[in-house]
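Keeping their order, the protein sequence lines are chains V and D.
Going by this note's numbering, 1631 is the number at position 179 of the first sequence; the sequence numbering is gapless.
Going by this note's numbering, 1530 is the number at position 78 of the second sequence; the sequence numbering is gapless.
There are 2 protein chains.
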Amino acid sequence: MRRLFLYKLCIFLTYFFIFSVPVRAEDGYDLWLRYQPVADLKLRKEYQQQFESLLVESNSPTLNVAAAEVQRGLNGLLAKPIAVSKKITRNTLVIGTPVNSSVIASLGLSERLANVGSEGYLIEKTRFKNRTLTVIAGNSDLGVLYGSFHLLRLLQTQQSLDNLFLSSAPKLQHRVINHWDNLNRVVERGYAGLSLWDWGTLPDYKSQRYVDYARINASLGINGAVINNVNADPRVLSDQFLQKIAALADVFRPYGIKVYLSINYNSPRLFGDLETGDPLDPGVATWWQERTKKVYDYIPDFGGYLVKANSEGQPGPQDYQRDHADGANMLAAALQPFGGVVFWRAFVYQPDIGDRFRGSYDEFKPLDGKFADNVILQVKNGPIDFQPREPYSALFSAMEKTNMMMEFQVTQEYFGFATHLAYQGTLFEESLRTDTFAKGKGSTIGNILEGKVFNTKRTGMAAVVNPGTDRNWTGHPFVQSSWYAFGRMAWDHSITAATAADEWLRMTFTNDKKFIDPVKQFMLYSREAGVNYRSPLGLTHLYSQGDHYGPAPWTANLERPDWTAVYYHRASQEGIGFNRTHSGSNAVAQYPEFLAKQYGDINTVPEDLMLWFHHAPWDHKMRSGRSLWNELVHKYYEGVEQVRNMQREWDGLESLIDAERYAQVKALLKVQERDAVIWRDSCVLYFQTLSGQPIPLGYEKPKYDLAYYKTLARTRYVPEPWHPASASRVLK
Amino acid sequence: MRRLFLYKLCIFLTYFFIFSVPVRAEDGYDLWLRYQPVADLKLRKEYQQQFESLLVESNSPTLNVAAAEVQRGLNGLLAKPIAVSKKITRNTLVIGTPVNSSVIASLGLSERLANVGSEGYLIEKTRFKNRTLTVIAGNSDLGVLYGSFHLLRLLQTQQSLDNLFLSSAPKLQHRVINHWDNLNRVVERGYAGLSLWDWGTLPDYKSQRYVDYARINASLGINGAVINNVNADPRVLSDQFLQKIAALADVFRPYGIKVYLSINYNSPRLFGDLETGDPLDPGVATWWQERTKKVYDYIPDFGGYLVKANSEGQPGPQDYQRDHADGANMLAAALQPFGGVVFWRAFVYQPDIGDRFRGSYDEFKPLDGKFADNVILQVKNGPIDFQPREPYSALFSAMEKTNMMMEFQVTQEYFGFATHLAYQGTLFEESLRTDTFAKGKGSTIGNILEGKVFNTKRTGMAAVVNPGTDRNWTGHPFVQSSWYAFGRMAWDHSITAATAADEWLRMTFTNDKKFIDPVKQFMLYSREAGVNYRSPLGLTHLYSQGDHYGPAPWTANLERPDWTAVYYHRASQEGIGFNRTHSGSNAVAQYPEFLAKQYGDINTVPEDLMLWFHHAPWDHKMRSGRSLWNELVHKYYEGVEQVRNMQREWDGLESLIDAERYAQVKALLKVQERDAVIWRDSCVLYFQTLSGQPIPLGYEKPKYDLAYYKTLARTRYVPEPWHPASASRVLK
């Protein structure tokens, strides 16, 4: 009788949950924190047996969100609610620190904990009073939160938990994302909706989305967010905005994410309080001290300022005949009493110099050693601007006495916006593993960032990201993968692009090998495809000016030569490429001797960087045996074929994932293929007018002539809503 | 044994569905189509018994979406899957037309069906070959779809289905929503994110959101959407955009929603094809014929053009010394071969006229009878511009020989954007039920729109709506209610605001009386609250210029006097209000005699319209016995108290609905209360400088002085991202 009742109840419950809960479509909102039931039933059972209850012996905002995440994650992954207990029972998961957990205090972990620092953690299976338990232990609640996400990741990716015994600690201190969000909610180079920050309803309404944003980032170990555009609106420091920003900081705080702000260097003038912004003017220093104190009144754990100064029209210390160190140090002094830092961007270039490649180095190298201790120079990976492939910025090997951090770009400004698939984990990996030879072999960018090469004290890695109000945060679902890879590599720069892609795919889509294998494979060449159909062999910046979407390699005669395509490719009837050897701009001399020699010699320079450093004749013989012209054509066609391969691979996967994301990626790959052909044909046809040579046999003929592509570049809709170039185009 | 197995399976399934399906938070995305299980279990059982299977005997795009909606709805509401059968079984629901369903053909419905026209439907419980069945029958598949939504609504609102026997048909032909969406995805007066139309990925990617948009509108019987701003970008007629728009039209088509476009009158010039846009120039007429043919090539069932001409800077026929009829008829001729229509807006006013109130009437009245048959004049409800309360536009009673349709505004341009709660069903009802006495008693606006008063052939109702990419479509969850009420009243103008509110609350939140009763009550006075704290007693347009959010009743001395507040309120030391009687602008004479007399006499004019028509002394005695000044103060304070009442009521409802929407509305009511006080105090303190009289005893004193509010109006962040006024404000 009782069983019958239970049976009926059970039938009822089943119906209730099948039909009452609207099944949420896989719309990408959950990113890699989907916590779907472990598909491998044997493994799920093992996991279920290992995690029967959760013990948290104390509470704090961070410990509470860690416990909530573990519950949410395990409830989903195990398809079974995990009991929250007040003591060790069977197969308990204990999370905490030696200070707030008596169990953890008694496990004898102190020596191992001493090695993981303030943000690291241990995860291990152990025994306590004859009971088996799993422990996530940190020295801080934040370490516990990071460990919790790590454990969940192991289950999400279906890893064996036999002999679970691991520790992890971040290799860099500042793991920061940069939002180029304007206060009017337009996201510069964002392509994924409006800014997440809804200033109209803040501080009163704190959307659930802010919480999920913090969870996503904390799951990667990201611990800082610069929430506004480096082309900064001074109003961000107004009381009205600080009040709103403080509400965001309150949401982020339990997740260990500090808020940073981009500031406008002329704020003292723009607020109408002073006549000058001169960093050596005592009134200016006082203004910043007072305003900074106000910021900390609102946000006691405020992170600091990010500054784009004397770059692309932004004001800076040079407006007052002061240098970058003067400028940065004045702000650093205002932040120092509160423990804040200055991220000072090295992205500068003057319009009148002969080689933009040299700009940043030439301005900053003389200042090495002059920056205050709480200043970190934020350097883009390459010397120009987030191009599909660049050699590394020579500053990394040159600034021995300056704190430096990396600035990558996750948002696809130069990779087809949110409509192309281009996993950038491979770009990050290539950059971080580049050996500069600054202090001999092993002086990789990763090691320099870690402070191991020059013994710098402040370390970090930043990325310009694009999450916006689009339901899936990033527009193209695969932009998420670059965000993921960035976060993982900011924690540990030795993680490979392949590992990050593998984890991301498993967590984001499925653990099914039939899906993972082909998709991971094409993710790993997707960035190279983007290089190939846009600017192979060391070409760069052939974009339609302003929007950076489509090709316009013929662009010339602008007021700013360094904003034209011909400035970069230098193609003529004789050849193509920018001579940066000693017979040219000699930018190559900015690199350590070993590399200067390697890059400076056309016979030793890596071919994928060749035209960055050499102007070579069209008939230059490449390692493939082809002439440079034929190799160039080959690469452009290869890029298109790679996209077509991605399409073919994707087409076969329909049954393996949800319909909604499948259809979206399929549609976007179609757009990408069309765009890749436009890139290829525009470039090949244009360069052909100079090389005078035919497209070799065997390649499909361009469907249209060059005139067609030139018109297209002027009239085509660019998939970025607000870009002025897009708005002013006359469409037919 | 078998039972035990079932029991275990059942336990498994329960767990599976509880823990595997992420429970979607109630984030407002589903609007009134949530289809949650019927909470009244007895009723649910009755419904379950009535609907055991679904029979659809044919298929077509529209019939398919109707069947899918019925399944989705019943599966959710009944918490039990409805079987799809191929013949009548027990308690079958049959949907179709006599043409595509043999069952329906045999039920003898032809006489009743003849009365419901091409879009109407019958729903009834009947018998067929000794079996009980329920039928939804229409003359067209679209009628069937509308009937399907109707049946679902009955279940959603927990209506009894005993003696189910009803029919319904729309009273108006064109039930249209207007989107003021720019092609750069900024929505003018939208306040709810970006435009829904993602031009960057169209036509290749058709987001699920487009489908849900169509479902939502079809559920109300809306059959047209003007998808772009009346301040129209000519590029909307380019091939590139038409291709994208055609993809949207393909999604909307099964749901009976036709696409219309706002056009720029100077398109022939702006495309660079012609030197003129003169409607009487044969080249211009040919240009429009050809372009219109192209539109129909892309979208065979295209609806037509909406035109804002010679209004607020938009081009129009008057630029070529032609009148509105010349302008509209030329376009009408281009559309006529394809069955398209022109919606020609009557919203015009010249800067130099003495009384903007008169503008529209003075321009259009002389043209009555001159418009082509497929032109419909689209007239805003009031003579000015969507103010919280206006008398009706005198055109409605004046244009006896012209097709006219209503233009309402759902988006809250003048009602606190997406941060205030202001259900506008009451405004629509008040407008539609206003008796103009044009042909004697009963000549209501609703009857005029229906064509009953002047025997016009084309009928319709439009509303400017604001759905954008915000997750809940409209920003403030309660803006949804005005969209809902508009749609219901466009179908049947006799539906009351109370009925629409009741239905909307039940479908959107819960059928729980403890929730419905208080919320419905405050919804019904929420619009009046907005009138009271902004512009009571017939005041109007006291807004801060440009943004239309906060108060600035002191605004004067602009280049355009008709864009100042003082132009509208005419307050002085003697009194307040705009004299529109025969001793003033005599706009009152635009109304039929009965109303002209009533409105023209300060003793008979309704007090809530008084200052629209009369300049009255401050000590004018009101019906309450108070002086005008004291009554004005009383109304301003009453508005704030009404908002506070809404807050108090809402505070008591936390346990009755989901946490997310509860918290959002609570936070927004807090903002509204603060804003209402700012409105009240700004207006009362400003008018006090003229009346010279004290705020009567018993009212709380304003916290700040007038100077404070004047500064606030210049410096406060306005919750609309892109508004120039908002962007240029200096914030402190």
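Think of the CB as a built atom: it goes at the ideal place given N, C-alpha and C, for glycine as much as any other residue.
Since this is a predicted model, take the numbers as computed values, not measurements.
Query raised in the report: Residues in its own chain within less than 6 Å of residue 2164 of chain V by CB, not counting five upstream and five downstream?
Result: In the first sequence, counting from the first residue as 1, residue 2164 of chain V sits at position 712. None.
Requested in this report: Under 8 Å between beta-carbons, which chain V residues line up against residue 1656 of chain D? List them in chain order, please.
Outcome: Taking the first residue of the second sequence as 1, we reach residue 1656 of chain D at position 204. By Cβ distance, chain V contributes 2119, 2120, 2122, 2123.
Query raised in the report: Would you call the segment 1600-1614 of chain V and the segment 1932-1952 of chain V in contact, with 3 or more CB pairs under 8 Å?
Result: Output reads no: the segment 1932-1952 of chain V does not touch the segment 1600-1614 of chain V.
Report task. Report the rounded CA-to-CA distance for residue 1933 of chain D versus residue 1510 of chain V, giving the unit in angstroms. Result -> Along the second sequence, read from residue 1 onward, the residue named residue 1933 of chain D stands at position 481. Along the first sequence, read from residue 1 onward, the residue named residue 1510 of chain V stands at position 58. Going by the C-alpha atoms only, they are around 45 Å apart.
Query raised in the report: For residue 1858 of chain V, which beta-bridge partners are listed by DSSP?
Result: As a first step, residue 1858 of chain V is located in the first sequence; it is residue number 406 there, counting from the start. The partner list for residue 1858 of chain V (beta bridge, DSSP) reads V:1831, V:1913.
Requested in this report: Taking residue 1549 of chain V and residue 1708 of chain V to be in contact with their CB atoms under 8 Å, please state how far apart those CB atoms are, rounded to whole angstroms.
Outcome: On the first sequence, residue 1549 of chain V is found 97 positions in, with the first residue counted as 1. On the first sequence, residue 1708 of chain V is found 256 positions in, with the first residue counted as 1. The Cβ separation is near 14 Å, so there is no contact.
Report task. Use the C-beta contact count for residue 1475 of chain D: other C-beta atoms within 10 angstroms, 16 or more gives buried, fewer gives exposed. Result -> Locating residue 1475 of chain D in the second sequence gives position 23, counting from the first residue. Below a pLDDT of 50, predicted positions are generally treated as unreliable, and residue 1475 of chain D, at 42, falls in that range; the measurement from the model is reported next regardless. With fewer than 16 other Cβ atoms within 10 Å, it is exposed.
Query - Where residue 2169 of chain V meets chain D, residues with beta-carbon distance less than 9 Å - result: As a first step, residue 2169 of chain V must be located in the first sequence, where it is residue number 717. Chain D residues near residue 2169 of chain V: 1635, 1651, 1652, 1687, 1690, 1692, 1693, 1696.
**Report entry** Local conformation of residue 1552 of chain D per DSSP, three classes
**Finding:** Taking the first residue of the second sequence as 1, we reach residue 1552 of chain D at position 100. Looking at residue 1552 of chain D - three-state DSSP - the assignment turns out to be coil, as it is neither helix nor strand.
Query raised in the report: Cα-Cα, which of D:1973, D:1804, D:2087 is closest to residue 1987 of chain D?
Result: Taking the first residue of the second sequence as 1, we reach residue 1987 of chain D at position 535. Measuring from the Cα of residue 1987 of chain D, the nearest candidate turns out to be D:2087.
Query raised in the report: Taking the alpha-carbon positions, what's the residue 1483 of chain D to residue 1745 of chain V distance?
Result: The residue you call residue 1483 of chain D lines up with position 31 of the second sequence. The residue you call residue 1745 of chain V lines up with position 293 of the first sequence. Distance between the alpha carbons of residue 1483 of chain D and residue 1745 of chain V is about 45 Å.
Query raised in the report: Any Cβ of chain D within less than 8 Å of the Cβ of residue 1921 of chain V?
Result: Your numbering for residue 1921 of chain V matches position 469 in the first sequence. With its beta carbon less than 8 Å from one in chain D, residue 1921 of chain V belongs to the interface.
Query raised in the report: Is there at least one Cβ from chain V nearer than 8 Å to residue 1871 of chain D's Cβ?
Result: Position 419 of the second sequence, counting from 1, holds the residue named residue 1871 of chain D. Yes, its Cβ sits closer than 8 Å to a Cβ of chain V.
Report task. Check whether the Cβ of residue 1645 of chain V lies closer than 8 Å to any Cβ atom in chain A. Result -> Absent from the structure: chain A. Protein chains present are V and D.
Report task. State the Cα-Cα distance for the pair residue 1980 of chain D and residue 1989 of chain D, rounded to the nearest angstrom. Result -> Here residue 1980 of chain D corresponds to residue number 528 of the second sequence, with the count starting at 1. Here residue 1989 of chain D corresponds to residue number 537 of the second sequence, with the count starting at 1. Residue 1980 of chain D and residue 1989 of chain D: Cα-Cα distance of roughly 11 Å.
Query raised in the report: Going by DSSP, what residues sit across from residue 1576 of chain D in a beta bridge?
Result: Within the second sequence, residue 1576 of chain D is the residue found at index 124, counting from 1. For residue 1576 of chain D, the pairing in a beta bridge is given by DSSP as D:1587, D:1617.
Requested in this report: With a cut-off of 8 Å on the beta carbons, I'd call residue 1858 of chain D and residue 1899 of chain D a contact; round off their distance for me.
Outcome: Your numbering for residue 1858 of chain D matches position 406 in the second sequence. Your numbering for residue 1899 of chain D matches position 447 in the second sequence. Distance from residue 1858 of chain D to residue 1899 of chain D at the Cβ level is roughly 12 Å; contact not present, criterion being Cβ atoms closer than 8 Å.
Query raised in the report: Short check: CB of residue 1595 of chain D to CB of residue 1638 of chain D, under 8 Å?
Result: Translated into positions along the second sequence, residue 1595 of chain D becomes position 143. Translated into positions along the second sequence, residue 1638 of chain D becomes position 186. The Cβ atoms of residue 1595 of chain D and residue 1638 of chain D do not sit closer than 8 Å to each other.
Query - Helix, strand or coil at residue 1513 of chain D according to DSSP, with G and I counted as helix - result: Residue 1513 of chain D sits at position 61 when you count from the first residue of the second sequence. Secondary structure at residue 1513 of chain D: helix, using DSSP grouped into helix, strand and coil.
Query - Close Cβ partners of residue 1686 of chain V (< 8 Å) along its chain, the five nearest in sequence each way excluded - result: Translated into the one-based positions of the first sequence, residue 1686 of chain V becomes position 234. 1715, 1716, 1718, 1719, 1722, 1723, listed in sequence order.
Query - Rounded distance between the beta-carbons of residue 1674 of chain V and residue 1700 of chain V, thought under 8 Å - result: Here residue 1700 of chain V corresponds to residue number 248 of the first sequence, with the count starting at 1. Here residue 1674 of chain V corresponds to residue number 222 of the first sequence, with the count starting at 1. Between residue 1674 of chain V and residue 1700 of chain V the Cβ distance is about 15 Å, and since that is not below 8 Å, they are no contact.
Query raised in the report: Along the chain, where does the beta strand (DSSP E) that runs through residue 1627 of chain D open and close?
Result: Position 175 of the second sequence, counted from the start, is the residue given in the question as residue 1627 of chain D. For residue 1627 of chain D, the uninterrupted beta strand (DSSP E) segment begins and ends at 1626-1631.
Query raised in the report: Is the CB-CB distance between residue 1540 of chain D and residue 1585 of chain D below 8 Å?
Result: Within the second sequence, the letter at position 88 stands for residue 1540 of chain D. Within the second sequence, the letter at position 133 stands for residue 1585 of chain D. Taking 8 Å as the Cβ cut-off, residue 1540 of chain D and residue 1585 of chain D qualify as a contacting pair.
Report task. Within 10 angstroms of the Cβ of residue 2034 of chain D, are there 16 or more other Cβ atoms? Answer buried if so, exposed if not. Result -> By 1-based counting over the second sequence, the position of residue 2034 of chain D is 582. Exposed is the call here.
Query raised in the report: In three-state terms, what does DSSP make of residue 1797 of chain D?
Result: Your numbering for residue 1797 of chain D matches position 345 in the second sequence. Residue 1797 of chain D falls in the strand class under three-state DSSP.
Requested in this report: Go ahead and pull the three-state DSSP assignment for residue 1473 of chain V.
Outcome: To locate residue 1473 of chain V, count along the first sequence from 1; it is residue 21. With a pLDDT of 38 at residue 1473 of chain V, under the threshold of 50, the predicted position of this residue should be treated as unreliable, though the coordinate-derived value follows. Reduced to three states, the DSSP call for residue 1473 of chain V is coil.
**Report entry** Rounded straight-line distance, which links the Cα of residue 2111 of chain D to that of residue 1495 of chain D
**Finding:** Along the second sequence, read from residue 1 onward, the residue named residue 1495 of chain D stands at position 43. Along the second sequence, read from residue 1 onward, the residue named residue 2111 of chain D stands at position 659. Each residue's CA atom was taken as its position, placing residue 1495 of chain D and residue 2111 of chain D some 26 Å apart.
Query raised in the report: Which class does residue 1887 of chain V belong to by DSSP, given the choice of helix, strand or coil?
Result: As a first step, residue 1887 of chain V is located in the first sequence; it is residue number 435 there, counting from the start. Strand at residue 1887 of chain V.
Query raised in the report: So residue 1812 of chain D is in the alpha helix (DSSP H); what residue range does that whole segment cover?
Result: The count along the second sequence starts at 1 and reaches residue 1812 of chain D at position 360. Where residue 1812 of chain D is concerned, the enclosing alpha helix (DSSP H) starts and stops at 1811-1816.
Query raised in the report: So what does DSSP say about residue 2073 of chain D, is it helix, strand or coil?
Result: In the second sequence, the residue the question calls residue 2073 of chain D occupies position 621. Looking at residue 2073 of chain D - three-state DSSP - the assignment turns out to be strand.
Query raised in the report: Between which two residues does the alpha helix (DSSP H) carrying residue 1786 of chain D extend?
Result: Translated into the one-based positions of the second sequence, residue 1786 of chain D becomes position 334. Counting along the chain, the alpha helix (DSSP H) containing residue 1786 of chain D begins and ends at 1776-1787.
Query - Residue environment, residue 1461 of chain V, which counts as buried when at least 16 other CB atoms sit within 10 Å - result: Counting from 1 along the first sequence, the entry for residue 1461 of chain V is found at position 9. Low confidence applies here, because residue 1461 of chain V scores a pLDDT of 47, under 50, leaving its location unreliable and the question unanswered by this model.
Query raised in the report: At what residue ranges does the segment 1905-1979 of chain D contain a whole run of the beta strand (DSSP E), taking only runs of 3 or more?
Result: If only uninterrupted beta strand (DSSP E) runs of at least 3 residues are considered, those enclosed by the segment 1905-1979 of chain D are 1911-1917.
Query raised in the report: In the DSSP assignment, what residue or residues form a beta bridge with residue 2028 of chain D?
Result: Position 576 of the second sequence, counted from the start, is the residue given in the question as residue 2028 of chain D. Checking the DSSP bridge columns, you'll see residue 2028 of chain D partnered with D:2068.
Query raised in the report: Based on the DSSP secondary-structure assignment, which residues constitute the bridge partners of residue 1545 of chain D?
Result: The residue labelled residue 1545 of chain D in the question sits at position 93 within the second sequence. Here residue 1545 of chain D is bridged, per DSSP, to D:1506, D:1586.
Report task. Would you check if the distance between the CB atom of residue 1506 of chain D and the CB atom of residue 1537 of chain D is smaller than 8 Å? Result -> If you number the second sequence from 1, residue 1506 of chain D lands on position 54. If you number the second sequence from 1, residue 1537 of chain D lands on position 85. Contact: yes.
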